[in-house]
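In the numbering used here, the protein residues as written are 757 to 1253.
In this text, a Cβ means the ideal position worked out from N, Cα and C, and glycines have one as well.
Everything below concerns the one structure shown next.
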(Lines of atoms letter the chains of each structure in order from A and count residues from 1; the text may use other names and numbers.)
(Lines give C-alpha, C1' and ligand atoms only; values in the text may rest on other atoms or scores of the structure.)
Protein backbone atom coordinates (compact mmCIF):
# COMPACT_ATOMS: atom_id res chain seq x y z
CA UNK A 1 0.00 0.00 0.00
CA UNK A 2 1.08 3.57 -0.60
CA UNK A 3 1.53 6.37 1.90
CA UNK A 4 -1.65 7.75 3.36
CA UNK A 5 -2.88 11.18 2.37
CA UNK A 6 -4.11 13.72 4.90
CA UNK A 7 -7.63 12.39 4.50
CA UNK A 8 -6.73 8.78 5.22
CA UNK A 9 -6.72 7.30 1.70
CA UNK A 10 -3.81 5.49 0.15
CA UNK A 11 -1.72 7.76 -2.06
CA UNK A 12 -1.64 6.71 -5.69
CA UNK A 13 -4.57 4.31 -5.41
CA UNK A 14 -7.53 4.74 -7.72
CA UNK A 15 -11.05 3.96 -6.60
CA UNK A 16 -12.36 0.78 -8.18
CA UNK A 17 -16.02 1.69 -8.56
CA UNK A 18 -16.98 -1.11 -10.96
CA UNK A 19 -20.61 -2.07 -10.49
CA UNK A 20 -20.78 -0.11 -7.27
CA UNK A 21 -21.28 3.24 -8.99
CA UNK A 22 -19.29 6.46 -8.76
CA UNK A 23 -18.29 7.70 -5.35
CA UNK A 24 -18.93 11.33 -4.57
CA UNK A 25 -15.22 11.98 -4.02
CA UNK A 26 -14.71 11.38 -7.74
CA UNK A 27 -17.33 13.94 -8.70
CA UNK A 28 -16.00 17.42 -9.20
CA UNK A 29 -13.09 16.97 -6.79
CA UNK A 30 -15.23 17.58 -3.72
CA UNK A 31 -13.50 17.28 -0.35
CA UNK A 32 -14.58 15.09 2.54
CA UNK A 33 -17.98 15.74 4.08
CA UNK A 34 -16.74 14.44 7.43
CA UNK A 35 -13.30 14.30 9.01
CA UNK A 36 -12.72 12.76 12.43
CA UNK A 37 -9.14 13.24 13.62
CA UNK A 38 -7.29 11.75 16.59
CA UNK A 39 -10.47 10.55 18.29
CA UNK A 40 -9.80 9.15 21.77
CA UNK A 41 -12.27 7.71 24.25
CA UNK A 42 -11.68 5.77 27.46
CA UNK A 43 -13.94 3.96 29.88
CA UNK A 44 -12.88 2.67 33.32
CA UNK A 45 -10.03 0.26 32.62
CA UNK A 46 -10.47 0.34 28.84
CA UNK A 47 -9.15 2.63 26.09
CA UNK A 48 -11.91 2.15 23.52
CA UNK A 49 -10.48 4.54 20.90
CA UNK A 50 -6.83 5.54 20.60
CA UNK A 51 -6.30 8.33 18.09
CA UNK A 52 -8.69 7.14 15.36
CA UNK A 53 -8.89 9.01 12.04
CA UNK A 54 -11.92 8.59 9.81
CA UNK A 55 -12.93 10.48 6.65
CA UNK A 56 -16.16 10.30 4.68
CA UNK A 57 -16.98 11.75 1.24
CA UNK A 58 -20.41 12.70 -0.15
CA UNK A 59 -21.97 9.93 -2.20
CA UNK A 60 -19.79 7.06 -1.01
CA UNK A 61 -20.32 3.85 0.93
CA UNK A 62 -17.56 3.57 3.51
CA UNK A 63 -17.29 0.23 5.30
CA UNK A 64 -16.30 0.36 8.97
CA UNK A 65 -14.97 -3.08 9.90
CA UNK A 66 -13.47 -4.69 12.99
CA UNK A 67 -13.90 -7.42 15.53
CA UNK A 68 -16.41 -6.93 18.33
CA UNK A 69 -14.76 -4.65 20.87
CA UNK A 70 -12.53 -3.01 18.24
CA UNK A 71 -14.15 0.40 18.75
CA UNK A 72 -16.73 0.63 15.93
CA UNK A 73 -19.71 1.22 18.21
CA UNK A 74 -17.84 3.80 20.29
CA UNK A 75 -16.77 5.75 17.20
CA UNK A 76 -20.32 5.78 15.84
CA UNK A 77 -21.78 6.80 19.21
CA UNK A 78 -19.41 9.76 19.27
CA UNK A 79 -20.49 10.72 15.76
CA UNK A 80 -24.16 10.33 16.78
CA UNK A 81 -23.76 12.44 19.93
CA UNK A 82 -24.36 9.59 22.38
CA UNK A 83 -20.79 9.73 23.78
CA UNK A 84 -18.46 12.72 24.16
CA UNK A 85 -14.92 12.10 22.93
CA UNK A 86 -12.07 12.66 25.39
CA UNK A 87 -9.95 14.33 22.73
CA UNK A 88 -9.83 14.77 18.98
CA UNK A 89 -11.50 16.88 16.34
CA UNK A 90 -14.60 16.53 14.16
CA UNK A 91 -14.96 18.62 11.00
CA UNK A 92 -18.11 18.67 8.84
CA UNK A 93 -18.13 20.61 5.56
CA UNK A 94 -14.77 22.10 6.50
CA UNK A 95 -16.05 23.56 9.77
CA UNK A 96 -15.33 22.26 13.30
CA UNK A 97 -18.37 20.52 14.77
CA UNK A 98 -19.19 20.00 18.43
CA UNK A 99 -21.59 17.06 18.71
CA UNK A 100 -22.79 17.06 22.30
CA UNK A 101 -26.12 15.25 21.88
CA UNK A 102 -28.10 13.09 19.45
CA UNK A 103 -30.23 16.15 18.62
CA UNK A 104 -27.14 18.11 17.58
CA UNK A 105 -26.03 15.16 15.44
CA UNK A 106 -29.41 15.10 13.70
CA UNK A 107 -29.26 18.86 13.12
CA UNK A 108 -25.92 18.27 11.37
CA UNK A 109 -27.56 15.66 9.13
CA UNK A 110 -26.28 12.53 10.89
CA UNK A 111 -28.60 9.53 11.38
CA UNK A 112 -28.05 5.95 12.52
CA UNK A 113 -30.13 2.92 11.48
CA UNK A 114 -29.54 0.45 14.28
CA UNK A 115 -29.66 -3.33 14.12
CA UNK A 116 -32.61 -3.17 16.54
CA UNK A 117 -35.25 -0.99 14.90
CA UNK A 118 -36.78 2.05 16.61
CA UNK A 119 -40.13 1.85 14.83
CA UNK A 120 -43.54 1.83 16.55
CA UNK A 121 -45.26 -1.37 15.30
CA UNK A 122 -48.82 -0.14 15.87
CA UNK A 123 -48.34 3.06 13.89
CA UNK A 124 -48.51 3.39 10.12
CA UNK A 125 -45.53 3.68 7.81
CA UNK A 126 -46.24 7.40 7.30
CA UNK A 127 -46.53 8.05 11.05
CA UNK A 128 -43.21 6.30 11.69
CA UNK A 129 -41.40 8.14 8.90
CA UNK A 130 -42.60 11.56 10.09
CA UNK A 131 -42.59 10.79 13.81
CA UNK A 132 -39.95 13.37 14.71
CA UNK A 133 -41.59 16.19 12.73
CA UNK A 134 -45.27 15.56 12.02
CA UNK A 135 -46.85 18.36 9.94
CA UNK A 136 -49.75 20.21 11.53
CA UNK A 137 -52.86 21.69 9.95
CA UNK A 138 -52.24 25.43 9.41
CA UNK A 139 -53.98 27.46 12.10
CA UNK A 140 -55.00 24.41 14.15
CA UNK A 141 -51.92 24.05 16.32
CA UNK A 142 -51.17 20.47 17.27
CA UNK A 143 -53.67 18.81 14.91
CA UNK A 144 -51.66 16.53 12.60
CA UNK A 145 -52.12 17.12 8.88
CA UNK A 146 -52.43 13.46 7.85
CA UNK A 147 -52.67 14.33 4.17
CA UNK A 148 -49.40 16.25 4.21
CA UNK A 149 -47.79 13.52 6.31
CA UNK A 150 -48.82 10.82 3.84
CA UNK A 151 -47.71 12.91 0.85
CA UNK A 152 -44.26 13.64 2.26
CA UNK A 153 -43.77 10.01 3.31
CA UNK A 154 -44.80 8.85 -0.15
CA UNK A 155 -42.37 11.29 -1.75
CA UNK A 156 -39.48 9.92 0.31
CA UNK A 157 -40.37 6.31 -0.50
CA UNK A 158 -40.78 7.17 -4.19
CA UNK A 159 -37.32 8.76 -4.15
CA UNK A 160 -35.98 5.47 -2.79
CA UNK A 161 -37.74 3.55 -5.54
CA UNK A 162 -39.75 1.29 -3.22
CA UNK A 163 -43.45 0.43 -3.27
CA UNK A 164 -44.40 0.31 0.40
CA UNK A 165 -47.89 1.55 1.34
CA UNK A 166 -47.66 4.55 3.65
CA UNK A 167 -50.99 3.58 5.28
CA UNK A 168 -49.86 0.06 6.24
CA UNK A 169 -49.12 -0.60 9.92
CA UNK A 170 -45.41 -1.24 10.42
CA UNK A 171 -46.11 -4.56 12.17
CA UNK A 172 -47.45 -5.92 8.86
CA UNK A 173 -44.16 -5.33 7.02
CA UNK A 174 -41.31 -7.73 6.45
CA UNK A 175 -37.99 -7.11 8.23
CA UNK A 176 -36.52 -5.80 4.98
CA UNK A 177 -39.41 -3.36 4.50
CA UNK A 178 -39.09 -2.16 8.10
CA UNK A 179 -35.41 -1.50 7.43
CA UNK A 180 -36.32 0.66 4.44
CA UNK A 181 -38.84 2.56 6.59
CA UNK A 182 -35.99 3.25 9.05
CA UNK A 183 -33.96 4.67 6.16
CA UNK A 184 -36.93 6.78 5.03
CA UNK A 185 -37.37 8.01 8.60
CA UNK A 186 -33.74 9.16 8.58
CA UNK A 187 -34.21 10.92 5.23
CA UNK A 188 -37.18 12.85 6.62
CA UNK A 189 -34.62 14.60 8.85
CA UNK A 190 -32.55 15.81 5.86
CA UNK A 191 -29.84 13.24 6.53
CA UNK A 192 -26.50 13.62 4.75
CA UNK A 193 -24.56 10.97 6.70
CA UNK A 194 -26.35 7.66 7.24
CA UNK A 195 -24.81 4.98 9.46
CA UNK A 196 -26.14 1.45 8.85
CA UNK A 197 -25.29 -1.04 11.61
CA UNK A 198 -25.41 -4.70 10.45
CA UNK A 199 -28.25 -3.87 8.04
CA UNK A 200 -28.49 -7.33 6.45
CA UNK A 201 -28.24 -9.48 9.60
CA UNK A 202 -31.82 -10.76 9.30
CA UNK A 203 -32.35 -10.45 5.54
CA UNK A 204 -32.59 -13.08 2.82
CA UNK A 205 -30.38 -12.78 -0.27
CA UNK A 206 -33.28 -11.29 -2.27
CA UNK A 207 -33.94 -8.74 0.49
CA UNK A 208 -30.23 -7.86 0.60
CA UNK A 209 -30.36 -7.00 -3.10
CA UNK A 210 -33.37 -4.77 -2.51
CA UNK A 211 -31.56 -2.96 0.30
CA UNK A 212 -28.47 -2.55 -1.87
CA UNK A 213 -30.64 -0.91 -4.54
CA UNK A 214 -31.82 1.57 -1.89
CA UNK A 215 -28.23 2.25 -0.81
CA UNK A 216 -27.20 2.88 -4.43
CA UNK A 217 -30.09 5.35 -4.72
CA UNK A 218 -28.88 7.17 -1.59
CA UNK A 219 -25.35 7.36 -2.98
CA UNK A 220 -26.63 8.77 -6.28
CA UNK A 221 -28.21 11.61 -4.29
CA UNK A 222 -24.91 12.47 -2.61
CA UNK A 223 -25.68 10.89 0.76
CA UNK A 224 -22.67 9.33 2.49
CA UNK A 225 -23.23 5.87 3.99
CA UNK A 226 -21.17 4.31 6.78
CA UNK A 227 -21.70 0.57 6.38
CA UNK A 228 -20.96 -1.65 9.40
CA UNK A 229 -21.07 -5.38 8.73
CA UNK A 230 -19.34 -8.67 9.49
CA UNK A 231 -20.29 -10.04 6.08
CA UNK A 232 -17.20 -9.33 4.00
CA UNK A 233 -18.71 -10.56 0.74
CA UNK A 234 -21.37 -7.84 1.03
CA UNK A 235 -18.83 -5.24 2.13
CA UNK A 236 -16.78 -5.83 -1.02
CA UNK A 237 -19.88 -5.62 -3.22
CA UNK A 238 -21.35 -2.38 -1.94
CA UNK A 239 -18.46 -0.30 -0.53
CA UNK A 240 -16.13 2.23 -2.13
CA UNK A 241 -13.70 2.55 0.78
CA UNK A 242 -12.96 0.67 3.96
CA UNK A 243 -11.57 1.47 7.41
CA UNK A 244 -10.49 -1.40 9.66
CA UNK A 245 -10.36 -0.92 13.43
CA UNK A 246 -8.39 -3.17 15.77
CA UNK A 247 -8.03 -2.63 19.52
CA UNK A 248 -9.26 0.95 19.28
CA UNK A 249 -6.99 1.99 16.41
CA UNK A 250 -7.51 2.41 12.67
CA UNK A 251 -5.07 -0.10 11.18
CA UNK A 252 -6.15 0.39 7.55
CA UNK A 253 -8.09 3.01 5.61
CA UNK A 254 -8.10 2.84 1.82
CA UNK A 255 -10.16 2.15 -1.30
CA UNK A 256 -11.84 -1.25 -1.09
CA UNK A 257 -10.03 -2.24 -4.29
CA UNK A 258 -6.69 -2.01 -2.48
CA UNK A 259 -7.42 -5.01 -0.24
CA UNK A 260 -8.57 -8.59 -0.61
CA UNK A 261 -11.01 -10.21 1.85
CA UNK A 262 -8.13 -12.24 3.32
CA UNK A 263 -6.11 -9.07 3.86
CA UNK A 264 -9.07 -7.44 5.61
CA UNK A 265 -9.41 -10.44 7.94
CA UNK A 266 -5.69 -10.30 8.72
CA UNK A 267 -5.97 -6.58 9.52
CA UNK A 268 -8.99 -7.24 11.75
CA UNK A 269 -7.50 -10.03 13.86
CA UNK A 270 -3.80 -9.18 13.56
CA UNK A 271 -2.83 -12.61 12.27
CA UNK A 272 -3.32 -15.02 9.39
CA UNK A 273 -6.33 -17.33 9.69
CA UNK A 274 -5.09 -20.48 8.01
CA UNK A 275 -8.48 -22.16 8.15
CA UNK A 276 -11.88 -20.69 8.88
CA UNK A 277 -13.53 -24.03 9.51
CA UNK A 278 -12.02 -26.17 12.25
CA UNK A 279 -13.55 -29.38 10.96
CA UNK A 280 -11.71 -32.33 12.44
CA UNK A 281 -12.76 -35.83 11.54
CA UNK A 282 -14.77 -37.28 14.41
CA UNK A 283 -15.65 -40.92 14.92
CA UNK A 284 -19.28 -41.08 13.80
CA UNK A 285 -21.21 -43.37 16.11
CA UNK A 286 -24.74 -44.75 16.24
CA UNK A 287 -27.86 -42.83 15.31
CA UNK A 288 -28.88 -40.49 18.13
CA UNK A 289 -31.87 -38.69 16.58
CA UNK A 290 -34.19 -39.81 13.81
CA UNK A 291 -36.96 -37.64 12.40
CA UNK A 292 -39.65 -39.50 10.46
CA UNK A 293 -42.14 -37.74 8.19
CA UNK A 294 -42.36 -34.66 10.41
CA UNK A 295 -44.98 -32.20 9.15
CA UNK A 296 -44.42 -28.55 10.03
CA UNK A 297 -47.37 -27.38 7.95
CA UNK A 298 -50.57 -29.29 7.07
CA UNK A 299 -49.93 -28.63 3.39
CA UNK A 300 -46.16 -28.99 3.59
CA UNK A 301 -43.69 -31.72 2.68
CA UNK A 302 -42.76 -34.26 5.39
CA UNK A 303 -39.21 -34.00 6.73
CA UNK A 304 -37.10 -37.09 7.47
CA UNK A 305 -33.43 -37.40 8.48
CA UNK A 306 -31.02 -38.98 10.95
CA UNK A 307 -28.08 -37.52 12.85
CA UNK A 308 -25.42 -39.64 14.54
CA UNK A 309 -23.13 -39.27 17.52
CA UNK A 310 -20.03 -37.29 16.55
CA UNK A 311 -21.67 -36.00 13.37
CA UNK A 312 -22.41 -32.45 12.24
CA UNK A 313 -25.49 -32.48 10.03
CA UNK A 314 -25.92 -29.25 8.08
CA UNK A 315 -29.26 -27.78 7.04
CA UNK A 316 -28.83 -24.85 4.67
CA UNK A 317 -31.34 -22.43 3.22
CA UNK A 318 -32.43 -18.83 3.06
CA UNK A 319 -33.90 -17.22 6.15
CA UNK A 320 -37.59 -17.93 6.27
CA UNK A 321 -37.24 -21.15 4.27
CA UNK A 322 -38.43 -23.30 7.18
CA UNK A 323 -35.22 -24.53 8.77
CA UNK A 324 -35.70 -22.44 11.92
CA UNK A 325 -39.30 -23.70 12.12
CA UNK A 326 -37.88 -27.24 12.04
CA UNK A 327 -35.41 -26.49 14.82
CA UNK A 328 -38.10 -25.01 17.04
CA UNK A 329 -40.33 -28.04 16.47
CA UNK A 330 -37.50 -30.38 17.52
CA UNK A 331 -37.06 -28.35 20.70
CA UNK A 332 -40.75 -28.31 21.60
CA UNK A 333 -41.47 -24.70 20.68
CA UNK A 334 -43.15 -25.03 17.29
CA UNK A 335 -46.23 -27.02 16.41
CA UNK A 336 -46.13 -30.18 14.28
CA UNK A 337 -48.93 -31.83 12.28
CA UNK A 338 -47.68 -35.38 12.02
CA UNK A 339 -44.63 -37.61 12.06
CA UNK A 340 -42.44 -38.63 14.96
CA UNK A 341 -39.09 -37.94 16.60
CA UNK A 342 -36.96 -40.83 17.87
CA UNK A 343 -33.97 -40.66 20.20
CA UNK A 344 -31.67 -43.68 20.30
CA UNK A 345 -34.30 -45.75 18.52
CA UNK A 346 -37.33 -44.92 20.65
CA UNK A 347 -40.13 -42.39 20.04
CA UNK A 348 -40.11 -39.43 22.42
CA UNK A 349 -42.44 -36.62 23.41
CA UNK A 350 -40.77 -33.23 22.88
CA UNK A 351 -43.92 -31.13 23.03
CA UNK A 352 -42.24 -28.54 25.28
CA UNK A 353 -38.68 -27.24 25.78
CA UNK A 354 -38.65 -28.77 29.27
CA UNK A 355 -39.39 -32.20 27.82
CA UNK A 356 -36.82 -31.71 25.05
CA UNK A 357 -34.10 -30.80 27.55
CA UNK A 358 -35.10 -33.76 29.69
CA UNK A 359 -34.56 -36.01 26.66
CA UNK A 360 -31.08 -34.63 26.04
CA UNK A 361 -31.75 -31.94 23.42
CA UNK A 362 -30.21 -28.46 23.62
CA UNK A 363 -30.79 -25.53 21.29
CA UNK A 364 -28.84 -22.36 20.54
CA UNK A 365 -31.53 -20.08 19.10
CA UNK A 366 -30.98 -17.66 16.24
CA UNK A 367 -31.76 -14.70 18.53
CA UNK A 368 -29.35 -14.82 21.45
CA UNK A 369 -30.34 -11.44 22.89
CA UNK A 370 -34.04 -12.18 23.26
CA UNK A 371 -34.16 -15.97 23.58
CA UNK A 372 -30.67 -17.21 24.41
CA UNK A 373 -29.73 -14.93 27.29
CA UNK A 374 -31.27 -13.04 30.19
CA UNK A 375 -29.66 -9.68 29.56
CA UNK A 376 -30.14 -8.35 33.10
CA UNK A 377 -28.32 -11.30 34.68
CA UNK A 378 -24.60 -11.90 35.05
CA UNK A 379 -22.44 -14.19 32.94
CA UNK A 380 -22.42 -16.72 35.80
CA UNK A 381 -26.21 -16.70 36.25
CA UNK A 382 -26.78 -17.21 32.52
CA UNK A 383 -24.38 -20.16 32.34
CA UNK A 384 -25.99 -21.97 35.28
CA UNK A 385 -29.60 -21.11 34.47
CA UNK A 386 -30.42 -24.53 32.98
CA UNK A 387 -28.85 -26.61 35.79
CA UNK A 388 -30.01 -24.89 38.97
CA UNK A 389 -31.54 -28.14 40.23
CA UNK A 390 -28.10 -29.79 40.13
CA UNK A 391 -26.55 -26.93 42.06
CA UNK A 392 -29.15 -26.93 44.84
CA UNK A 393 -29.59 -28.98 47.99
CA UNK A 394 -32.97 -29.13 49.69
CA UNK A 395 -34.08 -26.21 47.55
CA UNK A 396 -31.13 -23.99 48.50
CA UNK A 397 -28.79 -22.91 45.69
CA UNK A 398 -25.10 -23.44 46.41
CA UNK A 399 -23.32 -20.22 45.44
CA UNK A 400 -19.98 -22.02 45.61
CA UNK A 401 -21.11 -24.71 43.17
CA UNK A 402 -22.61 -22.08 40.87
CA UNK A 403 -19.41 -20.02 40.81
CA UNK A 404 -17.25 -23.11 40.26
CA UNK A 405 -19.31 -24.31 37.29
CA UNK A 406 -19.40 -20.86 35.70
CA UNK A 407 -15.64 -20.41 36.17
CA UNK A 408 -14.91 -23.78 34.56
CA UNK A 409 -17.03 -22.98 31.50
CA UNK A 410 -15.58 -19.47 31.17
CA UNK A 411 -12.12 -21.04 31.11
CA UNK A 412 -13.11 -23.94 28.82
CA UNK A 413 -14.71 -21.70 26.18
CA UNK A 414 -12.32 -18.75 26.53
CA UNK A 415 -15.07 -16.26 27.40
CA UNK A 416 -13.56 -12.79 27.75
CA UNK A 417 -15.10 -11.25 30.85
CA UNK A 418 -13.73 -9.17 33.71
CA UNK A 419 -15.65 -11.29 36.21
CA UNK A 420 -18.27 -14.06 36.25
CA UNK A 421 -20.54 -11.44 37.79
CA UNK A 422 -20.18 -9.03 34.85
CA UNK A 423 -23.60 -8.33 33.26
CA UNK A 424 -23.88 -10.47 30.14
CA UNK A 425 -25.33 -7.56 28.16
CA UNK A 426 -21.95 -5.78 28.32
CA UNK A 427 -20.07 -8.56 26.50
CA UNK A 428 -19.28 -8.55 22.78
CA UNK A 429 -21.54 -10.56 20.47
CA UNK A 430 -19.01 -13.36 20.14
CA UNK A 431 -18.59 -13.71 23.89
CA UNK A 432 -22.35 -13.60 24.42
CA UNK A 433 -22.68 -16.50 21.98
CA UNK A 434 -20.05 -18.41 23.96
CA UNK A 435 -22.13 -17.88 27.11
CA UNK A 436 -25.14 -19.41 25.31
CA UNK A 437 -22.99 -22.41 24.33
CA UNK A 438 -21.65 -22.67 27.88
CA UNK A 439 -25.20 -22.80 29.22
CA UNK A 440 -25.98 -25.82 27.07
CA UNK A 441 -22.64 -27.54 27.59
CA UNK A 442 -23.40 -27.37 31.32
CA UNK A 443 -26.52 -29.45 30.59
CA UNK A 444 -24.40 -31.85 28.48
CA UNK A 445 -27.08 -32.76 25.90
CA UNK A 446 -26.80 -35.63 23.42
CA UNK A 447 -28.17 -33.49 20.57
CA UNK A 448 -27.19 -29.85 20.06
CA UNK A 449 -29.27 -27.78 17.64
CA UNK A 450 -27.34 -24.73 16.43
CA UNK A 451 -29.43 -22.03 14.72
CA UNK A 452 -27.46 -19.29 12.93
CA UNK A 453 -24.61 -19.74 15.45
CA UNK A 454 -22.40 -16.98 14.02
CA UNK A 455 -25.02 -14.35 13.17
CA UNK A 456 -23.81 -10.84 13.94
CA UNK A 457 -20.35 -11.77 15.22
CA UNK A 458 -16.97 -10.90 13.75
CA UNK A 459 -14.61 -13.11 11.79
CA UNK A 460 -12.26 -13.89 14.67
CA UNK A 461 -15.15 -14.88 16.94
CA UNK A 462 -16.64 -17.02 14.16
CA UNK A 463 -13.46 -19.09 14.02
CA UNK A 464 -13.70 -19.68 17.78
CA UNK A 465 -17.36 -20.72 17.51
CA UNK A 466 -16.47 -23.15 14.71
CA UNK A 467 -13.79 -24.64 16.96
CA UNK A 468 -16.31 -25.13 19.75
CA UNK A 469 -18.79 -26.78 17.37
CA UNK A 470 -16.00 -29.11 16.25
CA UNK A 471 -15.20 -29.87 19.90
CA UNK A 472 -18.83 -30.85 20.51
CA UNK A 473 -18.75 -33.34 17.64
CA UNK A 474 -15.40 -34.68 18.85
CA UNK A 475 -16.93 -35.32 22.26
CA UNK A 476 -19.63 -37.50 20.66
CA UNK A 477 -22.54 -35.09 20.49
CA UNK A 478 -24.89 -35.10 17.51
CA UNK A 479 -24.87 -31.56 16.11
CA UNK A 480 -27.58 -30.09 13.89
CA UNK A 481 -26.10 -26.99 12.21
CA UNK A 482 -28.75 -24.70 10.70
CA UNK A 483 -27.51 -21.62 8.88
CA UNK A 484 -28.31 -19.30 5.98
CA UNK A 485 -24.56 -18.91 5.37
CA UNK A 486 -23.87 -21.65 2.82
CA UNK A 487 -20.03 -21.64 3.14
CA UNK A 488 -20.42 -22.14 6.89
CA UNK A 489 -22.67 -25.16 6.45
CA UNK A 490 -20.49 -26.74 3.76
CA UNK A 491 -17.27 -26.01 5.64
CA UNK A 492 -18.38 -27.47 8.97
CA UNK A 493 -20.77 -30.31 8.14
CA UNK A 494 -20.20 -34.03 7.57
CA UNK A 495 -23.47 -34.16 5.63
CA UNK A 496 -25.82 -31.48 4.30
CA UNK A 497 -29.55 -31.98 3.85
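Checklist entry - How big is the Cα-Cα spacing for residue 1047 and residue 1100? => result Here the alpha carbon of residue 1047 sits roughly 11 Å from the alpha carbon of residue 1100.
Item to check | Whole runs of the beta strand (DSSP E) within the segment 935-1010, excluding any shorter than 3 residues | outcome: Taken in chain order, the whole beta strand (DSSP E) runs of length 3 or more contained in the segment 935-1010 are 949-953, 980-984 and 997-1002.
Checklist entry - Thinking just about the alpha-carbon of each residue, which of 1083, 826, 799 and 816 is nearest to the one in residue 840? => result 799
Next on the checklist: Can you give me the C-alpha to C-alpha distance between residue 1064 and residue 932, rounded to a whole angstrom?
Outcome noted: About 37 Å.
Item to check | Three-way DSSP call (helix, strand, coil) for residue 892 in this model | outcome: Residue 892 sits in a strand when the DSSP states are folded into three classes.
Checklist entry - What's the gap between the Cα of residue 909 and the Cα of residue 887? => result Approximately 11 Å between the Cα atoms of the pair.
Checklist entry - Which whole runs of the beta strand (DSSP E) in the segment 1160-1210 are 3 residues long or more, in chain order? => result For the segment 1160-1210, whole beta strand (DSSP E) runs of length 3 or above, ordered along the chain, are 1203-1207.
Item to check | residue 1195 versus residue 1234: straight-line alpha-carbon distance, rounded | outcome: Answer to the nearest angstrom: the Cα atoms are 17 Å apart.
Next on the checklist: Less than 8 Å between C-beta atoms, sequence neighbours within five positions excluded: which residues of the same chain meet that for residue 1174?
Outcome noted: Contacts found: 801.
Checklist entry - In whole angstroms, what is the alpha-carbon distance linking residue 1245 and residue 852? => result 48 Å
Checklist entry - What number of angstroms, rounded off, separates the C-alpha of residue 1070 from the C-alpha of residue 830? => result 36 Å
Item to check | Rounded straight-line distance, which links the Cα of residue 988 to that of residue 870 | outcome: 19 Å
Checklist entry - DSSP on residue 1146, reduced to helix/strand/coil? => result coil
Item to check | At least 3 beta-carbon pairs within less than 8 Å: the segment 1199-1208 vs the segment 1112-1128 | outcome: Touching, yes.
Checklist entry - So what does DSSP say about residue 816, is it helix, strand or coil? => result Residue 816: coil per DSSP, three-state reduction.
Next on the checklist: Can you tell me whether residue 1096 is helix, strand or coil according to DSSP?
Outcome noted: strand
Next on the checklist: On the DSSP bridge list, what partners appear for residue 1071?
Outcome noted: 1238
Checklist entry - When you compare only the Cα positions, how much space is there between residue 1136 and residue 1148? => result 15 Å
Checklist entry - Who are the Cβ neighbours of residue 1094 in its own chain at under 6 Å, not counting the five residues just before and after it? => result 1051
Checklist entry - Taking one C-beta from the segment 804-815 and one from the segment 974-983 each time, how about it: are there three or more such pairs within less than 8 Å? => result yes
Item to check | Bridge-paired residues (DSSP) for residue 1227 | outcome: For residue 1227, which the question treats as bridged, DSSP gives no partner whatsoever.
Next on the checklist: My output table needs one value for residue 1036: the three-state DSSP class, helix, strand or coil.
Outcome noted: coil
Next on the checklist: Taking contact to mean 3 or more Cβ pairs, one atom from each stretch, closer than 8 Å, check whether the segment 927-942 and the segment 858-876 are in contact.
Outcome noted: yes
Item to check | Candidates 836, 1250 and 1216: closest to residue 857 by CA position | outcome: 836
Checklist entry - Between which two residues does the alpha helix (DSSP H) harbouring residue 905 extend? => result Following the DSSP letters along the chain, one finds residue 905 inside the alpha helix (DSSP H) bounded by residues 902-916.
Checklist entry - From residue 1127 to residue 1192, what distance separates their C-alpha atoms? => result Cα-Cα distance, rounded: 10 Å.
Item to check | Residues sharing a beta bridge with residue 1046, DSSP | outcome: 1062 and 1098
Next on the checklist: If you measure between the beta carbons of residue 949 and residue 789, is that distance less than 8 Å?
Outcome noted: yes
Item to check | Extent of the continuous alpha helix (DSSP H) to which residue 1021 belongs | outcome: 1017-1025
Checklist entry - So, helix, strand or coil for residue 1103, using DSSP? => result strand
Next on the checklist: If you reduce the DSSP assignment to three classes, tell me which class residue 790 lands in.
Outcome noted: Residue 790: strand per DSSP, three-state reduction.
Item to check | Same chain, Cβ closer than 7 Å to residue 1138, neighbours up to 5 away in sequence not counted | outcome: 1129, 1130, 1180, 1191 and 1195
Item to check | Distance CB(residue 1007)-CB(residue 1215) smaller than 8 Å | outcome: no
Next on the checklist: Closest to residue 1044 by C-alpha separation, out of 1239, 1171, 1067 and 1185, would be which residue?
Outcome noted: 1067
Next on the checklist: Measuring alpha carbon to alpha carbon, tell me which residue in 1222, 807, 794 and 845 is nearest residue 1036.
Outcome noted: 1222
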